[in-house]
Amino acid sequence: MAALTKQSVQPGPSTDLQEGSGCYSCQEKWIGYQCNCYFVSSELKTWKDSKDFCVSHNSSLLQLKTRNELGFMKFSTSFYWIGLSYSEEHHTWLWEDNSTLSQDLFPFLKSVNPKNCIIHIPGRSILDRHCGKKSHYICKQQLI
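Counting from 1, position 90 in the sequence shown corresponds to residue 90 in full-length UniProt numbering; the numbering is continuous, with no gaps.
Below is the structure:
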């Protein structure tokens, strides 16, 4: 796997972090990291518009497996929409693929408003925000 360069990542990070994901190549303007492709937006959209953008690019809003999954963004200070929302039907937080949230990923999620959507600073914290407000977003395309 190609090594990452140490740089500060603001909204719309440089796509020259890696040519490909180390497993496959990613679409133009996407970042390859640990066998996944990520699109980090520089524009602001509502949660739904962010989700629709990701779907239109054969991906989904970010679904985190670990808190440190976005190692290439560890210097980011921006919040991004992620693919986590509250299911009234199931009375729990679900990822876009309907899988449940690991309790140790965000143990303090119980204190956020379930009517809102979730924004995340990579590797740090999450907050709830009205889904109709605009924020940056991250799409993820799993390659394996």
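Ideal placement from N, C-alpha and C gives every residue a C-beta, glycine not left out.
Reduced DSSP secondary structure (H/G/I, E/B, other) of residue i
i, result
"serine 99", "coil"
"lysine 29", "coil"
"valine 112", "coil"
"lysine 133", "coil"
"phenylalanine 75", "coil"
"serine 59", "coil"
For residue j and residue i, the rounded distance between their alpha carbons
i, j, result
"cysteine 54", "glutamine 27", "12 Å"
"tryptophan 47", "tyrosine 86", "13 Å"
"glutamate 88", "phenylalanine 72", "34 Å"
Buried/exposed call for residue i, threshold 16 Cβ in 10 Å
i, result
"histidine 120", "buried"
"serine 59", "buried"
"lysine 65", "exposed"
"serine 76", "buried"
"glycine 32", "buried"
Residue span of the beta strand (DSSP E) that contains residue i, given as start and end
i, result
"serine 85", "84–87"
"aspartate 128", "126–129"
"cysteine 37", "36–40"
"isoleucine 118", "117–120"
Start-to-end residues for the alpha helix (DSSP H) that takes in residue i
i, result
"phenylalanine 106", "Phenylalanine 106 -> no alpha helix (DSSP H), and no H or E assigned at all."
Same chain, Cβ closer than 6 Å to residue i, five either side skipped, listed in chain order
i, result
"leucine 127", "Ile119"
"proline 122", "Leu70, Met73 and Ser76"
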